[in-house]
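Below: one structure, written as structure tokens.
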Amino acid sequence: MSVDRIMANVPEMDIYAAEVAAKLQGGELLLLIGELGAGKTTFVQGLAKALGVSNAVTSPTFTIVSEYVTDRSDIVKLVHLDLYRLESGQADTDVAVQEAIQQATQPDRATVVEWADRFTKLPEGHSIRFSHTKDPTTRTIEELD
92 MSVDRIMANV PEMDIYAAEV AAKLQGGELL LLIGELGAGK TTFVQGLAKA LGVSNAVTSP
152 TFTIVSEYVT DRSDIVKLVH LDLYRLESGQ ADTDVAVQEA IQQATQPDRA TVVEWADRFT
212 KLPEGHSIRF SHTKDPTTRT IEELD
């Protein structure tokens, strides 16, 4: 399945993130791919908002893995990984990353990975590609599976 959408602003990204959040049942792994500034973190912030996370969501670049409590009864935890500072292939051996990926299928959580292309082979999950367009104010989102 491939779905393309064009986003022009944060409210549109929030709407898309809320649509994705509404489909989550727990145990999903969302793999976000895209260049710097393409909208990955903005999507995660919108997803967290839609799941009822009350804490501010930032890119956990230095901690790699952050966990947030939601206000949903089915998905009580949003796990956010940001692999930006890892070199290609390092995600395959990083202990914290591997532990989070192994736990991603637990039904009480949704796990989202920014810079998922840092894996040499993507784990099984739902991949979303974020891209810049010729217009610097818009982004393209493509669901790859």
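According to the numbering used here, the sequence shown is numbered sequentially starting from 92.
Quick reminder that beta carbons are idealized off the backbone N, C-alpha and C, glycines included.
> Using DSSP with H/G/I as helix, E/B as strand and the rest coil, what is residue 101?
Replying inline: The answer is helix: DSSP assigns residue 101 an H, G or I state.
> Where does residue 217 sit, in a helix, a strand or coil, going by DSSP?
Replying inline: Look at residue 217 here: in three-state DSSP terms it is strand.
> Where does residue 180 sit, in a helix, a strand or coil, going by DSSP?
Replying inline: Residue 180 falls in the coil class under three-state DSSP.
> For residue 200, which residues does DSSP report across the bridge?
Replying inline: Residue 200 is bridged by DSSP to 168.
> At which residue ranges does the region 93 to 162 contain complete alpha helix (DSSP H) runs of 4 or more residues, listed in the order of the chain?
Replying inline: Unbroken alpha helix (DSSP H) stretches of 4 residues or longer found wholly inside the region 93 to 162: 101 to 114, 131 to 142, given in chain order.
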